[in-house]
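Beneath this line is the structure, given in structure tokens, with notes to follow.
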Amino acid sequence: MKINNSPVSDNVIRIIREKGLKQCAVAQKAGYSRQIFGNMINNNRVIRPDDVQRIAAALEVNAGDLFETETLGA
């Protein structure tokens with residue numbers, strides 16, 4: 002069963018790419034195994050509010066940045 006963690010999972014992936022980070026390094030910095038972190042951003046595990054805080058800290062962004070959606074036409 003797929004879980005929909007959007008927009009958080011989409012933004013985590015985008016930020017990792019933009020910053021040129023490795024997913025396993027972000028997982029480790031946030032205190033997750035590579036497998037658990039991968040499951041979260043691939044929509045196989047629910048991202049809870051405390052996960053958002055940990056992931057945002059590991060990415061060095063504000064937690065609110067993980068909830069942003071693209072504005073069309075902007």
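Quick note: the sequence shown uses my numbering, first residue 2, plus one each step. Backbone N, C-alpha and C define an ideal beta-carbon position, used for all residues, glycine too.
C-beta contact flag for residue i and residue j at 8 Å
i	j	result
isoleucine 37	valine 13	no
asparagine 5	asparagine 45	no
valine 9	valine 47	no
arginine 18	cysteine 25	no
Collapsed DSSP secondary structure at residue i in the structure displayed
i	result
lysine 30	helix
lysine 20	helix
arginine 46	coil
asparagine 40	helix
serine 7	coil
asparagine 63	coil
Reference residue i, options the options, closest by Cα
i	options	result
asparagine 63	Gly39, Lys3, Ile16, Asn5	Ile16
aspartate 66	Asn5, Asp11, Arg49, Gln24	Asp11
arginine 55	Asn40, Arg35, Val27	Val27
proline 50	Gly39, Lys3, Phe68	Phe68
Whole-number beta carbon distance between residue j and residue i, since they are thought to touch under 8 Å
i	j	result
lysine 30	alanine 57	Wrong, their Cβ atoms sit about 11 Å apart, outside the cutoff.
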